[in-house]
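For reference, the structure is listed below as structure tokens.
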Amino acid sequence: MPPPRLRSYEENVPEITKSGSIAPLIALLNACGGIGRTEAAGALQNLALNNDNAVTIAEKNGIAPLIALLHKGSAEEKTEAAGALGNLAANAGIAGDVVRLGGLSSLIVLVSEGSAESKKVASKALCGFARNVEYADVILREGGAALLAALSVEE
């Protein structure tokens, strides 16, 4: 008998959303460190690819803990949180919340001071924000464009 087929991400997203798993994942971001926070931020990063999930993450106050991880998390936690914030920013309304809560400035700092992988993920997130002229101006004013240019030269 062949092994059961693993379900794809697209097949799992509705189940995760219906099960109410987003709020506990956000709660894990505030828990003590370790693999739990890393995995929770990574799961939220993947879930945020779906707009309905992104809205739920924002409604359940998931933005602020993700931003906090950019400051206090391990290198892996910072990387996963930056990816989640970048995915959340695909929704224009949520992008405004991320900026209002200091996420854009925190991503710029991460591009400057983070690990190689977190710099890469944070720069991708910043590029997503830069599609909005208002946020592009913030990135320019805070020195983010120069950091992104320097990072692209390094690679």
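Quick note on the working numbering: the sequence shown kicks off at 11 and runs consecutively.
C-beta: ideal position from N, C-alpha, C; glycine also.
Computed from a prediction, not measured in an experiment: that's the story for all the values here.
Taken in chain order, the complete alpha helix (DSSP H) segments of 4 or more residues contained in the stretch 29-68 are 32-39 and 45-57. In terms of CA proximity to Ser31, Gly72 leads the group Cys42, Ser84 and Gly72. Residue nearest to Ile26 within the set Thr48, Ala64, Gly46 and Gly44 is Ala64 (criterion: CA-CA distance). Classified as exposed, Ser29 has fewer than 16 neighbouring CB atoms from the shown chains inside 10 Å of its CB. The residue from Ala37, Ala41, Asn142 and Gln55 with its alpha-carbon nearest to that of Ala92 is Gln55. Residue nearest to Val109 within the set Ala68, Pro34, Cys42 and Ala41 is Ala68 (criterion: CA-CA distance).
For Ala85, the number of other beta carbons within 10 angstroms of its own is below 16, and it is reported as exposed. When Ala156, Ala160, Ala100 and Pro75 are compared, the shortest CA-CA separation from Asn40 is found for Pro75.
Between Leu95 and Ile77, the C-beta spacing is below 9 Å.
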